[in-house]
Structure formats: structure tokens, C-alpha cells
Amino acid sequence: KPANIVKVTIEDLWKLIDMATSAEDDLETAIHYTLRYAAPEVVHAAMSGTETMVCSAAFDMWSFGVIMYEMYVGKRLFDESLHEEEIVSLLCSPGELQLKGLRNVEPNAARLISKLLVKDPTERWSANKALNSQFFRHRDDTTKMAGSAASLQATMHTNFTSIHSKLEQVLDMQMTTISDMQVGDLVIEIDLQELSPKVQPCLLTEHEVAGQTFNLVNGRQYLVIINLFREGGNMPNPIKRVNKLTVNTADGLPLQLLPKPTPASSKKPLPNCVTVSALFNAADCRAPSMSATTKWPDYRTVNLEISLELNSTQGKDVVLMPALYFQVHPTESIALKALQAKNWAEDRYMKLAPSTRKMLKGMIVVAKMATKAATGV
133 KPANIVKVTI EDLWKLIDMA TSAEDDLETA IHYTLRYAAP EVVHAAMSGT ETMVCSAAFD
193 MWSFGVIMYE MYVGKRLFDE SLHEEEIVSL LCSPGELQLK GLRNVEPNAA RLISKLLVKD
253 PTERWSANKA LNSQFFRHRD DTTKMAGSAA SLQATMHTNF TSIHSKLEQV LDMQMTTISD
313 MQVGDLVIEI DLQELSPKVQ PCLLTEHEVA GQTFNLVNGR QYLVIINLFR EGGNMPNPIK
373 RVNKLTVNTA DGLPLQLLPK PTPASSKKPL PNCVTVSALF NAADCRAPSM SATTKWPDYR
433 TVNLEISLEL NSTQGKDVVL MPALYFQVHP TESIALKALQ AKNWAEDRYM KLAPSTRKML
493 KGMIVVAKMA TKAATGV
């Protein structure tokens, strides 16, 4: 999926990240997927209650096809308005998807995408077949223009050398990335804290399409806290510092945030963690979408541009741009207050000793039921 593809600007390379759930071809593994980029056979297996399945490179070829479609067409393969169950139905029902967006796409690209987005994995193009398609070949007219066999041979040799060099570069990049990720993934954790009228975590809720979303209340000041650490434990952190933070919205101006040391009260005891914080007020984005109230299932998307300096490339920035999702509220409703209270109670409950937790379990369950009954959540 796009969130797992990053551009390393100083090397001018694209890399895959988040290998924690990767697996080798033909090995059985637990099912993990993101619905909008998952192959139909994976979704079908998950919907039937299967917890594991044998991995296949065909899964990735479908995902590659979805990303290509979205890049060339400029729209999601599955419209943002579609609910999760509707996407599942489209993926699992008989018949191929209607790829109407390919009508105005360059023919070689459209053909490749249509061959990748085939529901039957045995009929879907493999990586080898895709690489041998017209899309990846040099599309000049050298063959027709060549005046001699020697000229044609020289041209073919040049083209082959160029392609071979690019493939070696991709393979080297892949092996380096996998090796690095096997040691321990670099994790970016982003938290929001309300600063007024009282200091408390910004409420996170689960959205069926966007996943975790922050609940913003208009007019409130927030503190963005960014933690960067290695998932593998006490591994060296490749990041030296965070130099710049920029909030990008679809309909507003880029908003520069000033990175500052994270307050001691908000720091987490994470090994080799690089952490910064910055004040954030959604109104400063000058984006109408960030002040307009959202109604379910709508949500707002914000890209947080994080400029990092690595220990290995001092003086040069690497840019990461994770997406954050928001529900916008005009005021803090009773339902939001109830959810905040519920989260606070559960957090306090988890900090109790196991023996105390056992004694209070019945009380906590009763409190949860009372909250649900009162708020309809």
C-alpha cells in the first residue's frame, strides 16, 4: 500500500518499509491485509474465517496493480464513499472489476494494470511477465530506424545493460531494506494531546475505512508528539533529529510547526527514542475542511511532513509523510466526554495490580455497560 512506500531523497531511491508482516512465497502465515489493497483471495479467506493461508507473490501483484491504477487514474480504485462491506462484496463476487478509469490511460499502462487486477491469481500476471510487457520496454523506434545489424545489436546491448543495471539496483535496494527491517522496524508513533480546557489525550476512535482517527474539537489547542524508535528493542536509532514539521491539507496552506523537546510528563520510556513535540491548532491551516463538522462516515485526511536528519547522512534531510485522519466536532459532546471517561478508567484499570484488577473486574464491566447504555456508543 502507498503508506509502505517511501522516497529516500538523498539517495533518489524508492524503498519498501514495514516488513514486520512480510513472509516468503509458499509459506503459511497469519493473514494481515489492508482492505483497499488486498487481493480478492486474501479477503475471501479472511471473510470465511480462515486465520492463516499460504503466501503467494500473486497477492503483491494485485496490490501493485491497485497502486498503479491509482497513480495513473488519479483516483482510488474503490471510491471513498464505499463502505467496507461494499468493497468486500466487489472483491469476493464473481466477475472482474469494472476499470472504467483506464479509458484515458496510455494503452501499454492500461493493459498491464488490467492484467494485474485479475481476480483469479492463476491468471494474474506474475512479476516476470509484467517486466517483459511492453510497458517496461524501451518504447523508442530504434529497431525500425536501425540502418544495420551492427547498429541494432549495439542498441539491444545498451538497452539490456540499462535494464539489467536497474534490476540489480532494485534487488540491492530490496535486500538492504529487508536486512534492515529484520533487525527491527523503525516505528513512528504520533500522539495528540489537548492542552485546554484541560490536558488530556486527544480521543482516538476506530473508523471502518480510515482506521484510527483523532477527534478534534474546534477552537482547542493541541500538542503533537512524535516518537521515533526501533521496534526491535535496544537497537541503534538511525535518526539524529527532527528538523521540520509541516501540516498539509487538501484545501489549506502548508502549516509549519516548530519542533521542540517533548515535555518530560509526555515522554514515553522507549529505548533509543527520538521524540519531539509541536503546538497545533487546526484553525491555523486555513482549511475549510478542518473547521467544518464531519458527519459519519466522513473524515478528514492530513499529511504530516516530517523532515529527518539521519546519523549516516548528516546535513541532509529525509522526508517522511504519514497520513493522519480526523473527525471534526464543533464542541465536546456528551458522547465524546463519555468515551474519554471510559478510556481514562480503562487506562487506570490496566495500571492496577493483577490481584486488584481481578477484584474490580465486575465493577468495570458494569461501568462499561452503563456507559454504552447512556451514550448509545
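So the sequence shown is numbered by our numbering: it starts at 133 and just counts up by one.
Backbone N, C-alpha and C define an ideal beta-carbon position, used for all residues, glycine too.
Only a predicted model underlies this, so the values are computations on that prediction, with no experimental measurement involved.
By the neighbour-count criterion, in which a residue is buried when 16 or more other Cβ atoms sit within 10 angstroms of its Cβ, Phe191 is buried. The shortest C-alpha to C-alpha distance from Val140 to any of Leu468, Glu441, Leu223 and Ala470 is the one to Glu441.
For Val220, the CB contacts under 8 Å within the same chain, skipping 5 residues up- and downstream, are Leu167, Val175 and Met179 in chain order. Note that the C-beta distance between Phe196 and Leu248 is below 9 Å. When the five nearest sequence neighbours on each side are left out, the beta carbons in the same chain lying within less than 7 Å of the beta carbon of Ser188 are those of Asp157 and Pro253, in order along the chain.
Looking at the DSSP output, Leu456 bridges to Val434. About 7 Å separates the beta carbon of Pro429 from that of Glu340, a gap short enough to meet the 8 Å contact definition. When the beta-carbon positions are compared, Ala419 and Leu390 stay at least 9 Å from each other.
Taken through DSSP and simplified to helix, strand or coil, Val451 comes out as strand.
Take the alpha-carbon of Val450 and the one of Pro134: they are about 17 Å apart.
Annotation: the continuous alpha helix (DSSP H) that includes Arg243 extends over Pro239 to Leu248. The three-state reading of DSSP puts Leu411 in strand, counting E and B together.
Annotation for Phe267: no beta strand (DSSP E) segment contains it, and DSSP assigns it neither H nor E.
For Val220, the enclosing alpha helix (DSSP H) starts and ends at Glu216 to Cys224. Boundaries of the beta strand (DSSP E) around Ile357: Tyr354 to Arg362. In the three-state DSSP reduction, Pro393 falls in the strand class (E or B). For Cys334, same chain residues with a beta-carbon under 8 Å away, outside a window of 5 residues either side, are Asp323, Leu324, Gln325, Glu326, Phe346, Asn347, Leu348 and Tyr354 in chain order. Excluding sequence positions up to five before and after Ile371, its CB lies within less than 8 Å of the CB of Leu318, Leu360, Val406, Leu440, Glu441, Leu442 and Asn443, all in the same chain and listed in chain order. Spanning the alpha carbons of Gly181 and Ala171 requires a straight line of approximately 16 Å.
Counting along the chain, no beta strand (DSSP E) covers Lys399, and no H or E run does either. For Leu377, the closest of Asn435, Leu336 and Ser328 by C-alpha to C-alpha distance is Asn435. Looking at the DSSP output, Val349 shares a beta bridge with His461. Across the set Ile163, Val374 and Val460, the C-alpha of Val374 shows the shortest separation from the C-alpha of Thr394. By the 16-neighbour rule on beta-carbons within 10 angstroms, Arg235 is exposed.
When the five nearest sequence neighbours on each side are left out, the beta carbons in the same chain lying within less than 6 Å of the beta carbon of Tyr169 are those of Lys133, Ser195 and Val198, in order along the chain. Shown here, His339 sits in a strand according to DSSP, grouped into three states.
Per DSSP, the continuous beta strand (DSSP E) segment holding Asn380 begins and ends at Ile371 to Asn380. Taking the Cα positions, Asn240 is about 5 Å away from Phe267.
C-alpha of Lys400 to C-alpha of Lys330: approximately 20 Å in a straight line.
Take the alpha-carbon of Ala414 and the one of Asp383: they are about 12 Å apart.
Nearest in C-alpha terms to Leu402, of all of Ile163, Arg362, Ala424 and Lys392, is Arg362.
One Cα belongs to Asp144, the other to Leu159, and the distance between them is close to 33 Å. The Cβ atoms of Thr381 and Arg432 lie closer than 9 Å to each other.
Residue environment: Ala242 is assigned as buried (16 or more neighbouring CB atoms within 10 Å of its CB, all protein chains considered).
Separation of Glu338 and Val138 (C-alpha to C-alpha, rounded to the nearest whole angstrom) is 25 Å. Around the C-beta of Gln230, fewer than 16 other C-beta atoms lie within 10 Å, and the residue is accordingly described as exposed.
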